[in-house]
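Only one structure is covered here, and it is reproduced in the block below.
Below you can see the structure in the form of structure tokens.
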């Protein structure tokens with residue numbers, strides 16, 4: 001079983017839609033949860049970072065962590081064509097040191 | 001925000017040659033840099049962790065003699081793919097951790113990646 005599971009998509013939505021991206025994980029020691037956005041042929045850029053459980057909102061983006069279910073989500077409101085990218089979840093724990101565990105990424109296309 | 005650069009951004013080489021990729025932290029010092037490779041439609045796979053002034057730590061299955069890593073300064077790490085073969089063709093991405101970072105999270109900044117094609 002992979003440490004982190006993420007549906008690769010592709011996901012295609014109309015402009016203005018609410019997008020829900022999800023990851024599940026198996027290691028209960030994970031405490032730090034990140035979402036990265038990666039445009040084609042570019043390196044990942046950090047979108048959201050959450051420690052432990054709960055919600056975090058930043059503009060149109062909301063990250064949720066449910067540690068009891070080992071499930072994290074990223075919601076994008078009022079999606080824009082510029083949101084079209086691959087979204088990677090990543091997580092780590094204190095015991096994993098610097099190592100991040102990445103999901104496979106979900107490819108999102110927002111259609112104008 | 002912190003910036004990490006990679007050079008070259010893309011390279012094409014013949015089979016059997018060696019290729020060096022540079023990763024630089026431009027506006028911060030990085031004690032630790034990471035090298036990943038990414039195949040199309042797949043996630044980032046950690047290859048090795050590079051610490052300034054010491055030997056790199058390689059992940060299981062990664063040949064250290066083939067992927068030579070040097071982290072000579074707090075702002076530069078290099079990955080050399082020796083005797084490259086077509087199966088080494090991939091997208092190589094580095095990331096750097098801010099020296100002052102307290103947690104394993106947002107202090108890790110990614111470079112733009114280097115696309116290697118071996119003919």
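Protein chains in written order, with my numbering: chain A, 1 to 112; chain Y, 1 to 119.
Note that CB positions come from ideal geometry on N, CA and C, so glycine has one too.
What you are looking at is a predicted structure, and each value in this text was computed from that prediction instead of being measured.
Residue j beta carbon less than 8 Å from that of residue i
i              : j              : result
residue 90(Y)  : residue 69(Y)  : no
residue 52(Y)  : residue 73(Y)  : yes
residue 31(A)  : residue 93(A)  : yes
residue 92(Y)  : residue 37(Y)  : yes
residue 71(Y)  : residue 33(Y)  : yes
residue 70(A)  : residue 20(A)  : no
residue 113(A) : residue 76(A)  : No answer is possible for residue 113(A): the residues shown for chain A start at 1 and end at 112.
residue 30(Y)  : residue 75(Y)  : yes
residue 15(A)  : residue 112(A) : yes
Chain A contact residues for residue i, given Cβ-Cβ distances below 7 Å
i             : result
residue 43(Y) : 88, 102, 103, 104, 105
residue 69(Y) : Near residue 69(Y) there are no residues of chain A at all, since even the closest Cβ is about 15 Å away, more than 7 Å.
residue 79(Y) : The premise fails here: residue 79(Y) is roughly 14 Å from chain A at the closest Cβ pair, so nothing lies under 7 Å.
For residue i, three-class secondary structure by DSSP
i              : result
residue 86(Y)  : helix
residue 77(Y)  : strand
residue 81(A)  : helix
residue 62(A)  : strand
residue 46(Y)  : strand
residue 106(Y) : Residue placement at residue 106(Y) cannot be trusted, given a pLDDT of 46 that sits under 50; the coordinates are not used to answer.
residue 59(Y)  : coil
residue 41(A)  : coil
residue 15(Y)  : coil
residue 54(A)  : strand
residue 17(A)  : coil
residue 98(Y)  : strand
residue 68(Y)  : strand
residue 39(Y)  : coil
Rounded distance between the beta-carbons of residue j and residue i, thought under 8 Å
i              : j              : result
residue 106(A) : residue 87(A)  : 5 Å
residue 111(Y) : residue 4(Y)   : 4 Å
residue 115(Y) : residue 37(A)  : With a Cβ gap of about 19 Å, residue 115(Y) and residue 37(A) do not count as contacting.
residue 90(A)  : residue 102(A) : 5 Å
Residues bridged to residue i (per DSSP)
i              : result
residue 31(A)  : Bridge partners of residue 31(A): none, in fact.
residue 20(Y)  : 80(Y)
residue 108(A) : 11(A), 85(A)
residue 24(A)  : 5(A), 71(A)
Proximal chain Y residues relative to residue i, where beta-carbon distance stays under 8 Å
i             : result
residue 45(A) : 110
residue 41(A) : 91, 113, 115
Proximal chain A residues relative to residue i, where beta-carbon distance stays under 8 Å
i             : result
residue 46(Y) : 99, 100
Beta-carbon neighbours of residue i, restricted to chain Y and to distances below 7 Å
i            : result
residue 8(A) : 41
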